[in-house]
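Below is one structure; the comments refer to it alone.
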Amino acid sequence: MSPVALRDNPKRELWLAWGATVFFYNLYAVVFFVFTHIQPPGQPWYSPDQARTWFSHHHDGLLIGLALIFVFGGLSATSIALITYSIRRMSVSRAFSYSYLIIYSVSAVPGFLFICVALTAGAMRPDRSPQLQHWLYQLGFLSFSGTMGVFLIGSLVWMTAILLDRNGVFPKWFGYLNLCNALTEVVVSPSWIFKTGVFPWNGLIAWWIDVFVFGIYTGVFITLLRGFIIREDFGTGPLPPAPHWRFWATEPAEAGS
Amino acid sequence: MTTQQAATPTAPPARHVPGQPDMWFFVLFESLIFTAYLGVYLYYRAQHQQAFLQAQSHLTLWLGVVDTIVLLTSSWSIARCVEQARAGRYDVARRDAYITAAFGVIFLVLKVVEWTRQIHLGNTFSSSDFFQYFFFLTAIHFVHLLIGFVALGILVRQLSDVKLRSQELVETCATYWHTVDFLWVLIFAVLYVAR
Amino acid sequence: MERLNKRLLAVWAILTAITAGYLWIDHSAVHGGRAQASTVVTVLAIGLATLKVRIIMREFMEVRRAPRLLCRLTDVWVVLMAATMIGLYIAGRILAR
Numbered sequence: 001m002s003p004v005a006l007r008d009n010p011k012r013e014l015w016l017a018w019g020a021t022v023f024f025y026n027l028y029a030v031v032f033f034v035f036t037h038i039q040p041p042g043q044p045w046y047s048p049d050q051a052r053t054w055f056s057h058h059h060d061g062l063l064i065g066l067a068l069i070f071v072f073g074g075l076s077a078t079s080i081a082l083i084t085y086s087i088r089r090m091s092v093s094r095a096f097s098y099s100y101l102i103i104y105s106v107s108a109v110p111g112f113l114f115i116c117v118a119l120t121a122g123a124m125r126p127d128r129s130p131q132l133q134h135w136l137y138q139l140g141f142l143s144f145s146g147t148m149g150v151f152l153i154g155s156l157v158w159m160t161a162i163l164l165d166r167n168g169v170f171p172k173w174f175g176y177l178n179l180c181n182a183l184t185e186v187v188v189s190p191s192w193i194f195k196t197g198v199f200p201w202n203g204l205i206a207w208w209i210d211v212f213v214f215g216i217y218t219g220v221f222i223t224l225l226r227g228f229i230i231r232e233d234f235g236t237g238p239l240p241p242a243p244h245w246r247f248w249a250t251e252p253a254e255a256g257s
Numbered sequence: 258m259t260t261q262q263a264a265t266p267t268a269p270p271a272r273h274v275p276g277q278p279d280m281w282f283f284v285l286f287e288s289l290i291f292t293a294y295l296g297v298y299l300y301y302r303a304q305h306q307q308a309f310l311q312a313q314s315h316l317t318l319w320l321g322v323v324d325t326i327v328l329l330t331s332s333w334s335i336a337r338c339v340e341q342a343r344a345g346r347y348d349v350a351r352r353d354a355y356i357t358a359a360f361g362v363i364f365l366v367l368k369v370v371e372w373t374r375q376i377h378l379g380n381t382f383s384s385s386d387f388f389q390y391f392f393f394l395t396a397i398h399f400v401h402l403l404i405g406f407v408a409l410g411i412l413v414r415q416l417s418d419v420k421l422r423s424q425e426l427v428e429t430c431a432t433y434w435h436t437v438d439f440l441w442v443l444i445f446a447v448l449y450v451a452r
Numbered sequence: 453m454e455r456l457n458k459r460l461l462a463v464w465a466i467l468t469a470i471t472a473g474y475l476w477i478d479h480s481a482v483h484g485g486r487a488q489a490s491t492v493v494t495v496l497a498i499g500l501a502t503l504k505v506r507i508i509m510r511e512f513m514e515v516r517r518a519p520r521l522l523c524r525l526t527d528v529w530v531v532l533m534a535a536t537m538i539g540l541y542i543a544g545r546i547l548a549r
């Protein structure tokens, strides 16, 4: 069976969403890590004057990078939508997919948008008082790290759905990877207490190890979502098995190939 | 080997992965994460020896030893449980599972008692570097143990319901429980003994 | 079944004995009533712990009856964990000077 023309392909919306997801996460990585240098985060122990200096050093990167996020950030919805769709394809109750959708949509506000707004506001008025700049600096970074709790519940919802699922939408090991991800997000909570050591918002344990695991987790689920779209048969029963792995494949492998 | 298998028909099949292979992925991945946490602790400790030694002296080593033996015993009882389930003796297996849970509860109680004692001594999460690590490592392990009770619950349900009784799921839950045990073995050695 | 039960009990006894052995290690490392930093004690503690982990994996977690890939993988993991912890400790000692 030759690949169906793009116009008639019933999976085209799914591929569009997947492409947008890949674009969004790459944009997020480039903007946060390279353009703006928001990640790794600034030092938590900065004084108001140091925070003000941080804003002036990062001024241009912050404004340009975060402007891009404000334009394209809505694409993060495609990732959430695709995962929600995949959970709906499972044999479990739809309550799981709705819970995931709500949790991740809500958590994106404090866990993603707050830092963008706070740091943009800080960068836009460099002549503001250092105390106000300091407040914006702390609000940004604390909201980004400290609200992990909402995300981790979302991971647990996804994990439970995967482990209960009889349609084989995702492999069980990915369900357990959700648990690993959730547990590394638990350890971010001390960032509310500490400014130095391994537990502040840029600490070795609270940030570096957590982001390392999160990076693996994100790469894995983007890859698995691709495999899911390839296997999707728009039914309600178990999905066909995974195809032979070809980077450019968009359809399940033919029998005997 | 074959005559032994004929004489003991309950001997397990040759060379099978205990439980879901997926759970082994979790075991190995989580072990690396804990190794990273313990490694970070050891690295920082090596650079602040005196402060850490002074704080560590507040710990009660024999309590840590008792904690470890309690969890080792729970591992032993769940290993027996898996064997009994494999042999079809589900009632005995369930009893072993309850024994495992009981030892798990003993560990939880001992932990809470130890935390309370340390807090009364003035050692809290933010009072010193050593106790920052102590409370963090024991607390994250505590969370893993709580999840272990969920695994035990699933295991007991499997054993209780005639329609279920998936040996693979029983082994999977046992594998998780053993992981909680061996993670504590590492934490105990590094927190209580290493200096 | 009886043999397996006895084996499990023997394993438990060995693990418990090693655990109790930590009391002796700790006692012998105390000089003049005050604990001292000791690389030997640390390395020994970690080494024994990873040995216990290997025993738990092989006996309690039934790795010795698992496919050889899992046997080798868990052995590699145990060595990796020991090497990482000991390595970071020694690196910390060296950099502290």
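Chains as they are written, first to last, in our numbering: chain A, 1 to 257; chain B, 258 to 452; chain C, 453 to 549.
For each residue, glycine too, the CB sits at the ideal point set by N, CA and C.
Fair warning: this is a prediction, and the values are worked out from it, not measured in the lab.
- Note that the C-beta distance between Tyr298 of chain B and Val442 of chain B is not below 8 angstroms.
- The C-beta of Asp279 of chain B comes closer than 8 angstroms to at least one C-beta of chain A.
- CA-CA distance, Lys368 of chain B to Leu394 of chain B, rounds to 12 angstroms.
- Judged by DSSP secondary structure, Trp319 of chain B falls within the alpha helix (DSSP H) whose first and last residues are Leu318 to Arg343.
- By the beta-carbon neighbour count (other beta carbons within 10 angstroms, threshold 16), Trp333 of chain B is buried.
- At a cut-off of 8 angstroms between C-beta atoms, Gln389 of chain B counts as an interface residue with respect to chain A.
- With respect to Leu179 of chain A, Phe283 of chain B sits close: the two C-beta atoms are nearer than 8 angstroms.
- If you compare the alpha carbons of B:Arg346, B:Asp438 and B:Arg374 with that of Ile404 of chain B, the shortest gap goes to B:Asp438.
- Burial check for Pro190 of chain A: the Cβ neighbour count within 10 Å reaches 16 or more, so the residue is buried.
- Distance from the CA of Tyr100 of chain A to the CA of Glu185 of chain A, rounded to the nearest whole angstrom, comes to 17 angstroms.
- Note on Ala518 of chain C: 16 or more other CB atoms within 10 angstroms of its CB, so buried under the neighbour-count rule.
- At least one CB atom of chain B sits nearer than 8 angstroms to the CB of Asp478 of chain C.
- Between Val493 of chain C and Arg422 of chain B, the C-beta spacing is not below 8 angstroms.
- Contact of Glu428 of chain B with chain A is not assigned, every C-beta pair being separated by 8 angstroms or more.
- The beta carbon of Ser383 of chain B is closer than 8 angstroms to those of Gln389 in its chain, skipping five residues each way along the sequence.
- In this structure, Leu460 of chain C sits away from Ala408 of chain B, with a CB-CB distance that is not shorter than 8 angstroms.
- Against chain B, the CB of Pro200 of chain A has no partner CB under 8 angstroms away; the residue lies outside that interface.
- From the listed residues A:Pro241, A:Pro40, A:Ser93 and A:Trp18, the smallest Cα separation to Ile80 of chain A is found for A:Trp18.
- Residues Arg89, Met90, Ser91, Gly237, Pro238 and Leu239 of the same chain have their beta carbon placed closer than 7 angstroms to that of Asn167 of chain A, with the five preceding and five following residues left out of the count.
- In chain order, Gly197 make up the part of chain A whose C-beta sits under 8 angstroms from the C-beta of Asp386 of chain B.
- In this structure, the straight-line span from the alpha carbon of Val450 of chain B to that of Glu428 of chain B is close to 32 angstroms.
- Chain A has a Cβ within less than 8 angstroms of the Cβ of Ile397 of chain B.
- The contact set of Val400 of chain B on chain A, defined by CB atoms closer than 9 angstroms, consists of Leu183 and Val186 in chain order.
- Under the DSSP assignment, Met90 of chain A falls outside any alpha helix (DSSP H); it carries neither an H nor an E label.
- If you ignore the 5 residues before and after Ala534 of chain C, its C-beta comes within less than 7 angstroms of the C-beta of Ile498, Gly499 and Thr502, all in its own chain and listed in chain order.
- Within the same chain, Ser155, Val213, Phe214 and Tyr217 come within 7 angstroms of Asn181 of chain A by CB-CB distance, once the 5 residues on both sides are set aside.
- In the three-state reduction of the DSSP assignment, Met453 of chain C falls in the coil class, being assigned neither a helical nor a strand state.
- With a threshold of 8 angstroms between beta carbons, Val213 of chain A makes contact with chain B.
- With contact defined as three or more Cβ pairs closer than 8 angstroms, the region 104 to 122 of chain A and the region 159 to 175 of chain A are not in contact.
- Annotation for Pro130 of chain A: the continuous alpha helix (DSSP H) segment containing it runs Pro130 to Gly146.
- DSSP, reduced to helix, strand and coil, places Phe194 of chain A outside both helices and strands of the structure shown, so it counts as coil.
- Against Arg545 of chain C, the close residues of chain B are Ala303, in the order they occur along the chain (beta-carbon pairs closer than 7 angstroms).
- In this structure, the straight-line span from the alpha carbon of His58 of chain A to that of Asp49 of chain A is close to 14 angstroms.
- Look at Phe382 of chain B: its C-beta is under 8 angstroms from a C-beta on chain A.
- For Glu232 of chain A, the secondary structure class from DSSP, reduced to helix, strand or coil, is coil.
- With the rule of 3 Cβ pairs closer than 8 angstroms, the region 527 to 546 of chain C does not count as touching the region 462 to 481 of chain C.
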